[in-house]
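A.B. asks:
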Amino acid sequence: SCLTPIRVIPLMRMIHIELQHQSSTVTKTTAKQLAENLSKRLTECNMESLSVMSLATLLDPRFKTAGFFSPLKATEAVKRLKSECAAEMRSHEPDPAAEEPSTLIWRLRRA
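Under the working numbering, the first residue of the sequence shown is numbered 132, with each subsequent residue one higher.
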């Protein structure tokens, strides 16, 4: 199956956690190096800051903010989503000048 943007950040986080919990002395050194390299690569490519990746992770009910490595990046994604929603809502607000006279009279009555 195809790896979708929704799963990229959470999968990398799960792999990182699993690598950190290796207890065998044989695999511990290798797992530690892999975990460090994974963190380094994730930071270098700034994946958690990519709008598509972070919003896809945030909007998936399976992951939400728990899918992020960084709590700061999760907070930034929430702020970005709120900002985009507010902008979308503002773009669809009715124009008061275009209101029909029949609805305008009710507004005058409340004043």
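Using N, Cα and C, we set each Cβ at its ideal position, and we do this for glycine too.
Here the structure is a predicted model, which is why all the values come from computation and not from measurement.
1) Quick one: using the 10 Å Cβ neighbour count with 16 as the cut-off for buried, is residue 183 buried or exposed?
2) Would you kindly work out how many angstroms separate the C-alpha atoms of residue 199 and residue 153, rounded to a whole number?
3) With a floor of 4 residues, list each alpha helix (DSSP H) that falls wholly inside the region 154-219, ordered by position along the chain.
4) Only counting the same chain, and skipping five residues up and downstream in sequence, which positions put a Cβ closer than 7 Å to that of residue 141?
5) Would you report the Cα separation of residue 196 and residue 221, rounded to the nearest angstrom?
6) Using a 10 Å radius around the Cβ and a threshold of 16 neighbouring Cβ atoms, would you call residue 138 buried or exposed?
7) With a threshold of 6 Å on Cβ separation, who are the neighbours of residue 166 within its own chain once the five nearest residues in sequence on each side are excluded?
8) What number of angstroms, rounded off, separates the C-alpha of residue 135 from the C-alpha of residue 157?
9) Can you have a look at residue 203 and say buried or exposed, based on whether 16 or more other CB atoms are within 10 angstroms of its CB?
10) Using the Cα positions of residue 181 and residue 174, report the straight-line distance between them to the nearest angstrom.
C.D. replies: In this structure, then:
1) exposed
2) Rounded to the nearest angstrom, the two C-alpha atoms are 21 Å apart.
3) 156-176, 182-190
4) 188, 194, 198
5) 26 Å
6) buried
7) Result list for residue 166: 147, 150, 151, in chain order.
8) Taking the straight line joining both Cα atoms gives about 33 Å.
9) exposed
10) 11 Å
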